[in-house]
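Numbering (the numbering used here), first residue to last: 30 to 112.
Every residue, glycine too, gets a C-beta built ideally from N, C-alpha and C.
This structure is a prediction, so every number in the text was calculated from the model and none was measured.
Inspection log for the structure reproduced underneath, given as structure tokens.
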């Protein structure tokens with residue numbers, strides 16, 4: 030999945046919102062910043078693996094934030110499943 034696909038999808042941005050989307054099984058894919066601290070990314074990666082959700086770690090916090098249309102960096106974002 031690419032940042033363009035993230036931009037064109039319904040998504041949530043931020044660690045807490047991404048965690049909620051995983052827990053509620055609303056996420057179809059999760060972007061985790063490659064420059065994110067491991068103590069932050071490890072729980073998200075574990076949750077993705079447990080829920081069989083693809084985790085993409087190819088992009089920086091700045092790139093994810095920009096793709097989500099926010100002016101600050103974002104450590105994580107989740108693409109939401111289509112209803």
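- A distance below 7 Å between beta-carbons, with the five flanking residues on each side excluded, links residue 101 to the following residues of its chain, in chain order: 94.
- Minimum Cα-Cα distance from residue 54 among the listed residues 83, 34, 37, 32 corresponds to 83.
- Secondary structure of residue 75 (DSSP, three-state): helix.
- For residue 64, the closest alpha carbon among the candidates 110, 109, 105 is that of 105.
- In the structure shown, residue 70 falls within a helical segment according to DSSP collapsed to helix, strand and coil.
- In this structure, the CA atom of residue 90 is about 22 Å from the CA atom of residue 52.
- If the five residues before and after residue 43 are omitted, its C-beta is found closer than 7 Å to the C-beta atoms of 103, 105, all from its own chain and listed in chain order.
- In the structure shown, the three-state DSSP call for residue 56 is strand.
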